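Participant: Below are the structure tokens for one structure; questions will follow.
Number of protein chains: 2
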Amino acid sequence: MKNKIGKQTFVFRNKPVITGECAVVGTKEGQGPLKEYFDTILEDDTYGENTWEKAESRMMENSIMTAIRKAGLEKKNIEVMLTGDLLNQLMSSSFSARDIGVPFIGLYGACSTMTLSMLMSSIIVDGEFAENVVCAASSHYCTAERQFRMPLEHGNQKPPSAQWTATASGAAVISKNPCKSNETLIPIPKEIFITHGTVGKIIDTGMKDSNQMGAAMVPAAVDTILNHFEDTGRTPDDYDIILTGDLGYIGKEIALDLFADAGLNMKKMHLCYDDCGTMLYYRESEDVHGGGSGCGCSASVFTGYLFKKMRAGIFNRALIVSTGAMLSTISPFQGESIPGIAHAIAIETS
Amino acid sequence: MKNKIGKQTFVFRNKPVITGECAVVGTKEGQGPLKEYFDTILEDDTYGENTWEKAESRMMENSIMTAIRKAGLEKKNIEVMLTGDLLNQLMSSSFSARDIGVPFIGLYGACSTMTLSMLMSSIIVDGEFAENVVCAASSHYCTAERQFRMPLEHGNQKPPSAQWTATASGAAVISKNPCKSNETLIPIPKEIFITHGTVGKIIDTGMKDSNQMGAAMVPAAVDTILNHFEDTGRTPDDYDIILTGDLGYIGKEIALDLFADAGLNMKKMHLCYDDCGTMLYYRESEDVHGGGSGCGCSASVFTGYLFKKMRAGIFNRALIVSTGAMLSTISPFQGESIPGIAHAIAIETS
Chain A
1 MKNKIGKQTF VFRNKPVITG ECAVVGTKEG QGPLKEYFDT ILEDDTYGEN
51 TWEKAESRMM ENSIMTAIRK AGLEKKNIEV MLTGDLLNQL MSSSFSARDI
101 GVPFIGLYGA CSTMTLSMLM SSIIVDGEFA ENVVCAASSH YCTAERQFRM
151 PLEHGNQKPP SAQWTATASG AAVISKNPCK SNETLIPIPK EIFITHGTVG
201 KIIDTGMKDS NQMGAAMVPA AVDTILNHFE DTGRTPDDYD IILTGDLGYI
251 GKEIALDLFA DAGLNMKKMH LCYDDCGTML YYRESEDVHG GGSGCGCSAS
301 VFTGYLFKKM RAGIFNRALI VSTGAMLSTI SPFQGESIPG IAHAIAIETS
Chain B
1 MKNKIGKQTF VFRNKPVITG ECAVVGTKEG QGPLKEYFDT ILEDDTYGEN
51 TWEKAESRMM ENSIMTAIRK AGLEKKNIEV MLTGDLLNQL MSSSFSARDI
101 GVPFIGLYGA CSTMTLSMLM SSIIVDGEFA ENVVCAASSH YCTAERQFRM
151 PLEHGNQKPP SAQWTATASG AAVISKNPCK SNETLIPIPK EIFITHGTVG
201 KIIDTGMKDS NQMGAAMVPA AVDTILNHFE DTGRTPDDYD IILTGDLGYI
251 GKEIALDLFA DAGLNMKKMH LCYDDCGTML YYRESEDVHG GGSGCGCSAS
301 VFTGYLFKKM RAGIFNRALI VSTGAMLSTI SPFQGESIPG IAHAIAIETS
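See below:
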């Protein structure tokens, strides 16, 4: 096919452009090393709402509306929104889609949602089905804890390997034509184009410990990255930065081992590779156990930190890989292991 | 944009083809009026598995693998699978994707999933990103009851307006090129092409009764259908059959009222319009309260009944509209109303 190379990679020949982006994060994330990069830091993780779920939904809505504004567009210019989150029945996405009121496609990829939604959005724009679409992903520590672990009031303890669900939402507008908005272009002149998308397979190596999700997702992340290199003929040398999200501290170490096993140029990998789950918090002072996770983790690191760095010319070509653990709240009780998945997007500046 | 008309409708100019399809249904569905059309009827709704969730996952896997075989293809020819179900964290989809092992995109649209997955698949094929993709949706009465209502053992009673979640899975292979398989083509010669897809908006009219989901979804279904007509310039006269799924008995009556209010040709609508939720069971003898629902309801009626009728030349042009109620298991307790959504696909035979 014209727009497919290798086994798993789509080529976006019309190079869809990221015309606007926004990262909204919670209080803890707003005290981390990337705090200067985020558009909005909540003063209070309830965001003025009376439930955590409504707070998360409002975070997503805010990130979407800001991304649209920064793209120099209005809601009426957005033809489709593609969003997802961790909540059952995509609660944050559905309710923010209700309030925003544009045609809506719901995606579920656990923490892999940000690159999944960017990938599907790029297909729609590149295939000339829409001029402007918006994609987003969110998570909230308090909604995720009570859904996947225990209500906060329970004061549950977690093992050091457990990851910390980020309270964050990231959104990006993906367009056919470059941005005309002064807000994004001045004083930051670079445009970001999406050139490739690699769709991941489910990889399950039999890991059953849901407090070891980074380790459970690593094989999928590495598989997708290696397939991306094979399909495109690229190597780590072609990228200024390769970011996975959210393998955390343990997962990142395993990933580096697996990259070495696969024969990648490790000198380069040690320079260019990092994981969003290790970037969002101060490891020592913020006590996030295994590192950050949740759809919002990679979503906010990409839209907050990375895209700003790219617009400023610090990085020119990036491979971004959100990773998801597709276990359910029931499956571990039924003796199932954790299916991992990862989707990759290659982006570059003009 | 080249492949968009009006506000919400994509045009598939390369006309992706449905090359294979399969419907697997449960015991109750296998006693209904459409029983002759289904590929597989379970002898026992456990499907030989020790949990309902594994049974549902196996149903989805079986429907996908059969659809691939009927398309004259093998697993290795399928470039992406796009599936969804009602279970938290897309349990059936994730575990069947793990077993099938092809690149996987997870979708959540509640009961609107079948047309959503066909729509996204058509974009991928029409945009020349893949030659063959498979899409599917499933639901299971016993998994849905315990997740959304009460465990079966509780013997919970439901009001007459509550709908009955179908135990069913439907899958379709969507391809660039017509099918070469003898199994599908002989003795049934017609090919089915996908020509348009209309992405729905969330419509929420404030309905809060989760035992009235048909009524909650009707406004979204009618909105999508009217937008489809406006975008394409088509009318009910252009279709031999228009199927929504799954508004049920109450929802279908309301839909007809709203179609009349909108000024559609009701003589034609009474002839061509029906709802999958009213077609899957015998209303009197099977005691399904408000009618069928669940992703598997429209998925199995489309892939089992409709596509067979189209291949046999009984219907030449159809508009199919899966409808979803995007409420969560938490949102009603937080005072939220039910967001509805519906996505439409126009299909026609050669």
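Sequence lines, in order, name chains A and B. Using the working numbering, read the first sequence as starting at 1 and increasing by one per residue. Using the working numbering, read the second sequence as starting at 1 and increasing by one per residue. Cβ atoms here follow ideal geometry from the backbone N, Cα and C, with glycine treated the same way. Keep in mind the model is a prediction, meaning the values are calculated, not measured.
What are the boundary residues of the beta strand (DSSP E) that R317 (chain A) is part of?
Facilitator: R317 (chain A) -> beta strand (DSSP E) spans 317-325.
Participant: I need the straight-line Cα distance from A221 (chain B) to Y282 (chain A), nearest angstrom please.
Facilitator: About 48 Å.
Participant: What is the rounded straight-line gap between the Cα of D39 (chain A) and the Cα of I174 (chain A)?
Facilitator: Taking the straight line from one Cα to the other gives about 18 Å.
Participant: I'd like to know whether the C-beta of V199 (chain A) is nearer than 8 Å to at least one C-beta of chain B.
Facilitator: It does; some Cβ of chain B falls within 8 Å.
Participant: For S298 (chain B) and I105 (chain B), I'd like the C-alpha separation in whole angstroms.
Facilitator: Taking the straight line from one Cα to the other gives about 20 Å.
Participant: Please specify which runs of the alpha helix (DSSP H), each continuous and at least 4 residues long, are wholly inside the stretch 97-122 of chain A, giving them in chain order.
Facilitator: With a minimum length of 4 residues, no continuous alpha helix (DSSP H) run stays inside the stretch 97-122 of chain A.
Participant: Taking a Cβ distance cut-off of 7 Å, strictly less, list which residues of the stretch 1-25 of chain A are near chain B, in chain order.
Facilitator: Flagged, chain order: M1, K2, N3, K4, Q8, F10.
Participant: Using beta carbons (cut-off 8 Å, strictly below), is T195 (chain B) in contact with chain A?
Facilitator: So, not an interface residue.
Participant: Return yes when the Cβ of K252 (chain A) is within less than 8 Å of the Cβ of D275 (chain A), no when it is not.
Facilitator: For D275 (chain A) and K252 (chain A), yes; Cβs fall inside 8 Å.
Participant: Using a Cβ-Cβ cut-off of less than 8 Å, list which residues of the stretch 98-112 of chain B approach chain A; keep chain order.
Facilitator: Answer in chain order: R98, G101, V102, P103, F104, I105, G106, L107, Y108, G109, A110.
Participant: Could you please give the first and the last residue of the uninterrupted alpha helix (DSSP H) stretch that includes T66 (chain A)?
Facilitator: Residues 52-70.
Participant: Just list the alpha helix (DSSP H) runs in the stretch 147-203 of chain A, keeping only unbroken ones of 4 residues or longer that don't cross its boundaries, in chain order.
Facilitator: If we require 4 residues or more, the alpha helix (DSSP H) runs fully inside the stretch 147-203 of chain A come out as 182-185.
Participant: Which residues does DSSP list as the beta-bridge partners of E348 (chain A)?
Facilitator: Answer is A:F193, A:R317, bridged to E348 (chain A).
Participant: Using CA atoms only, rank isn't needed, just tell me which of A:I192, A:K268, A:A166 is closest to K176 (chain A).
Facilitator: Taking only the C-alpha atoms, the option nearest K176 (chain A) is A:I192.
Participant: Would Q334 (chain B) and D246 (chain B) qualify as a contact pair, given that the criterion is a beta-carbon distance under 8 Å?
Facilitator: Contact flag unset, no.
Participant: Using a Cβ cut-off of 8 Å (strictly closer), state whether F259 (chain B) contacts chain A.
Facilitator: With 8 Å as the cut-off, F259 (chain B) does not count as an interface residue toward chain A.
Participant: Check the DSSP bridge columns for M81 (chain A) and list the partner residues they point to.
Facilitator: A:F104, A:V134, per the DSSP bridge assignment.
Participant: Secondary structure at G340 (chain A), three-state DSSP: helix, strand or coil?
Facilitator: If DSSP states are grouped into helix, strand and coil, G340 (chain A) belongs with the strands.
Participant: Report the rounded CA-to-CA distance for D45 (chain B) versus Y239 (chain A), giving the unit in angstroms.
Facilitator: For D45 (chain B) and Y239 (chain A), the distance between alpha carbons rounds to 51 Å.
Participant: When you compare each of A:T349, A:M326, A:I330, A:C22 to M310 (chain A) by their alpha carbons, which one comes out closest?
Facilitator: Of A:T349, A:M326, A:I330, A:C22, the residue nearest in Cα terms is A:T349.
Participant: At which residues does the alpha helix (DSSP H) containing I18 (chain A) begin and terminate?
Facilitator: Where I18 (chain A) is concerned, there is no enclosing alpha helix (DSSP H), although the beta strand (DSSP E) it sits in stretches over 17-25.
Participant: CA-CA distance, S92 (chain A) and I347 (chain B)?
Facilitator: So the alpha carbons of these two residues sit roughly 32 Å apart.
Participant: At which residues does the beta strand (DSSP E) containing Y273 (chain A) begin and terminate?
Facilitator: Here the beta strand (DSSP E) through Y273 (chain A) covers 273-275.
Participant: At a CB-CB cut-off below 7 Å, which residues of chain B make contact with Q212 (chain A)?
Facilitator: Those do not exist, as Q212 (chain A) stays about 17 Å from chain B at its closest Cβ, beyond 7 Å.
Participant: Given a limit of 9 Å on CB to CB distance, which residues of the stretch 53-79 of chain B reach chain A?
Facilitator: The residues in question are E53, K54, E79.
Participant: Spell out a yes or no on whether the stretch 18-34 of chain A and the stretch 52-63 of chain A are touching, meaning 3 or more CB-CB pairs, one atom from each, closer than 8 Å.
Facilitator: These segments touch.
Participant: Beta carbon of A325 (chain B), beta carbon of A216 (chain B): below 8 Å?
Facilitator: Yes, they are a contact pair.
Participant: Return helix, strand or coil for V11 (chain B), following the three-state DSSP convention.
Facilitator: V11 (chain B) falls in the strand class under three-state DSSP.
Participant: Excluding sequence positions up to five away, which residues of its chain have a Cβ less than 8 Å from the Cβ of G6 (chain A)?
Facilitator: Within the same chain, G6 (chain A) has close Cβ partners N227, E230, D231, T232.
Participant: Given that a residue counts as buried once 16 or more other Cβ atoms are within 10 Å of its Cβ, and exposed if not, what is K404 (chain B)?
Facilitator: The requested residue 404 (chain B) is not part of the displayed model; chain B covers only 1 to 350.
Participant: Look at the alpha carbon of V125 (chain B) and the alpha carbon of A71 (chain A), and state the distance between them as a whole number of angstroms.
Facilitator: Their backbone Cα atoms lie some 29 Å apart in a straight line.
Participant: Mind pulling the chain B residues with CB within less than 7 Å of Q163 (chain A)?
Facilitator: Under the 7 Å cutoff, chain B gives no residues; its nearest Cβ is about 16 Å from Q163 (chain A).
Participant: Answer with yes or no whether the minimum CB distance from S94 (chain B) to chain A is below 8 Å.
Facilitator: For S94 (chain B), the answer is yes, since a Cβ of chain A falls inside 8 Å of its Cβ.
Participant: Does E128 (chain A) have its Cβ less than 8 Å from a Cβ in chain B?
Facilitator: Closer than 8 Å: yes.
Participant: If you follow the alpha helix (DSSP H) that L226 (chain A) is in, where does it begin and where does it stop?
Facilitator: Element bounds for L226 (chain A): 213-232.
Participant: Could you give the distance in angstroms between the alpha-carbon of Q89 (chain A) and the alpha-carbon of V17 (chain A)?
Facilitator: For Q89 (chain A) and V17 (chain A), the distance between alpha carbons rounds to 30 Å.
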